[in-house]
Amino acid sequence: MKLLEIWKRIGKQPLRITRRKDAIVFIGDSEYRIKNIRYDRGQFIGFEAKPKEKVEWISKEVKPKEDTWIIVKDKDGQEYRDHQWTGHAWYHFSIGKDSCDGWRSDVDIVSWRYQED
423 MKLLEIWKRI GKQPLRITRR KDAIVFIGDS EYRIKNIRYD RGQFIGFEAK PKEKVEWISK
483 EVKPKEDTWI IVKDKDGQEY RDHQWTGHAW YHFSIGKDSC DGWRSDVDIV SWRYQED
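For the sequence shown, this note's numbering assigns the number 423 to the initial residue and increments by one for each residue that follows.
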């Protein structure tokens with residue numbers, strides 16, 4: 423795949439998504455995170471990638487920092503993004519182009535992890 427094709431495809435994604443998504447490369451069953459761009463005399467030659475770290479899930483009994491974006495997991499292993507602990511309850515947020523609405527989460531949360539930028 424040529425760089426121009428990658429650029430065209432990424433350019434069609436909303437900025438709110440591309441700002442928060444890590445660039446990940448899949449090789450077989452392994453995942454690698456792009457950490458840097460490599461140049462030779464100012465010319466792009468490729469990407470530098472490192473293996474994606476193992477994700478550590480934390481029990482719901484241990485609360486995250488308030489008003490920090492987290493991903494939660496239910497008892498079936500399903501993951502839900504855009505949640506926060508507000509100090510008294512778990513909230514789910516719906517982030518739109520020009521809005522952000524939140525309400526108490528109806529997910530039966532068993533664990534959580536911080537949402538990466």
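Idealized CB from N, CA, C, for every residue including glycine.
So which of the options has the shortest CA-CA distance to residue i?
i, options, result
"Y502", "R438, W534 and E483", "W534"
"R526", "H505, G518 and Q537", "H505"
"D489", "G499, Q500 and F515", "F515"
"K482", "W507, T440 and D462", "W507"
"G524", "Q537, W491, D530 and G464", "W491"
"Q500", "Q537, K430, V529 and R442", "V529"
Alpha helix (DSSP H) containing residue i: first to last residue?
i, result
"W429", "L425 to G433"
"R438", "L437 to T440"
Going by DSSP, which residues form a beta bridge with residue i?
i, result
"H505", "I492 and H514"
"P473", "Y454"
Inspect the beta-carbon positions of residue i and residue j and report whether they are closer than 8 Å.
i, j, result
"K495", "V447", "no"
"R438", "I517", "yes"
"K424", "Y454", "no"
"F466", "I456", "no"
Quick check on the DSSP output: the beta strand (DSSP E) that includes residue i runs from which residue to which?
i, result
"G524", "C522 to R526"
"R535", "I531 to Y536"
At least three beta-carbon pairs within less than 8 Å, the region 461-471 to the region 509-524: no
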